[in-house]
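In our numbering, the protein residues as written are 64 to 318.
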Ligand code: MN
């Protein structure tokens, strides 16, 4: 099995090491990842500047750092790393959750998205950590992946569908199990925070505190990870809101 691994936290991120250490047991792994952290870059594509790949040492595996984002890395991985084809794209393990609407901002998820667009089975995996400074249990993410390898590699999936996995950042024995969930909602309060620079000019930090009402989102990924379960959400690349087609059509034809 030819496995392309990427992330958005950069090639030196410990979550990438944890992911590779599991993946290499199951096939031929090549790593193509950003040369520095590119979190929240979404499904961006570098088109207005040249992309460069630099080979970096990786304990017996081929690995490249790229001056680009995860989407670029997947495309370069396909063209340069595995010109004869990729069987599985893995993106992660991300330092932080990718739940609900956050998947639209996520570079980690975008890596899997790019794989799926190209017809490759793809999985994004993230550690759902909610308290600043709390330990990040990549060991739990890695253990989950090891235990669920056949599932992520072989369970049936429709076309243009990839898996978004969030594993709660708790010690391995505390993990309660796995739930297949729809995506919930994550909404942020105080998204934009104004501050003042030393010259009195206003600037802004974008971040904000998540307003998470896990209890109000029964059955979602948000609730599952808050309860101590790994959440697996199948994501379709067909973004069409099919339930809207009829009403729009009726409106138009009624004019
Ligand atoms: Mn990240």
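Note that CB positions come from ideal geometry on N, CA and C, so glycine has one too.
If residue 143 and residue 161 are in contact, beta carbons under 8 Å, what's the gap, nearest whole angstrom? The count along the chain shown starts at 1 and reaches residue 143 at position 80. The count along the chain shown starts at 1 and reaches residue 161 at position 98. Wrong, their Cβ atoms sit about 27 Å apart, outside the cutoff.
Would the beta-carbon of residue 163 be found less than 7 Å away from any heavy atom of the ligand MN? Taking the first residue of the chain shown as 1, we reach residue 163 at position 100. Outside the cutoff, so no.
When you compare only the Cα positions, how much space is there between residue 74 and residue 314? One-based indexing of the chain shown puts residue 74 at position 11. One-based indexing of the chain shown puts residue 314 at position 251. C-alpha separation (whole angstroms): 51 Å.
From the DSSP output, which residues share a beta bridge with residue 97? Here residue 97 is taken as the residue at index 34 of the chain shown, counted from 1. Per DSSP, 129.
Contacts around residue 99, its chain only, beta-carbon distance under 8 Å, and the 5 residues preceding and following it disregarded: To locate residue 99, count along the chain shown from 1; it is residue 36. These residues qualify, in order along the chain: 73.
Residue range of the beta strand (DSSP E) that residue 267 falls in? The sequence position of residue 267 within the chain shown is 204, counting from 1. Residues 265-269.
Any chance you could list the residues with Cβ under 5 Å from a heavy atom of the ligand MN, keeping chain order? 71, 72, 102 and 157
Is the number of C-beta pairs between the region 240-247 and the region 288-295 that are closer than 8 Å three or more? yes
Which value, in whole angstroms, describes the spacing of the CA atoms of residue 257 and residue 177? As a working note, residue 257 is residue 194 in the chain shown. As a working note, residue 177 is residue 114 in the chain shown. So the two alpha carbons sit approximately 35 Å from each other.
Which listed residue (145, 174 and 114) has its alpha carbon closest to that of residue 79: Against the chain shown, residue 79 aligns to sequence position 16. Nearest of 145, 174 and 114 to residue 79, Cα basis: 174.
Rounded to the nearest angstrom, what separates residue 206 and residue 190 at their Cα positions? As a working note, residue 206 is residue 143 in the chain shown. As a working note, residue 190 is residue 127 in the chain shown. Rounded to whole angstroms, residue 206 to residue 190 spans 12 Å at the Cα level.
Taking the alpha-carbon positions, what's the residue 303 to residue 271 distance? In the chain shown, residue 303 corresponds to position 240, counting from 1. In the chain shown, residue 271 corresponds to position 208, counting from 1. Each residue's Cα considered, the two are about 29 Å apart.
If you follow the beta strand (DSSP E) that residue 190 is in, where does it begin and where does it stop? As a working mapping, residue 190 is identified with position 127 in the chain shown. Segment 184-191, the beta strand (DSSP E) holding residue 190.
Measure the Cβ-Cβ separation of residue 249 and residue 148 and say whether it is below 8 Å. On the chain shown, position 186 is the one that residue 249 refers to. On the chain shown, position 85 is the one that residue 148 refers to. Cβ atoms of residue 249 and residue 148: not closer than 8 Å.
Quick one, which of 232, 67, 121 and 85 has its alpha-carbon nearest residue 212's? To locate residue 212, count along the chain shown from 1; it is residue 149. Minimum Cα distance to residue 212 is reached at 85.
Check each candidate in 119, 115 and 152 and name the one with the smallest Cα separation from residue 215. Stepping through the chain shown from its first residue, residue 215 is reached at position 152. The shortest C-alpha separation from residue 215 is found at 152.
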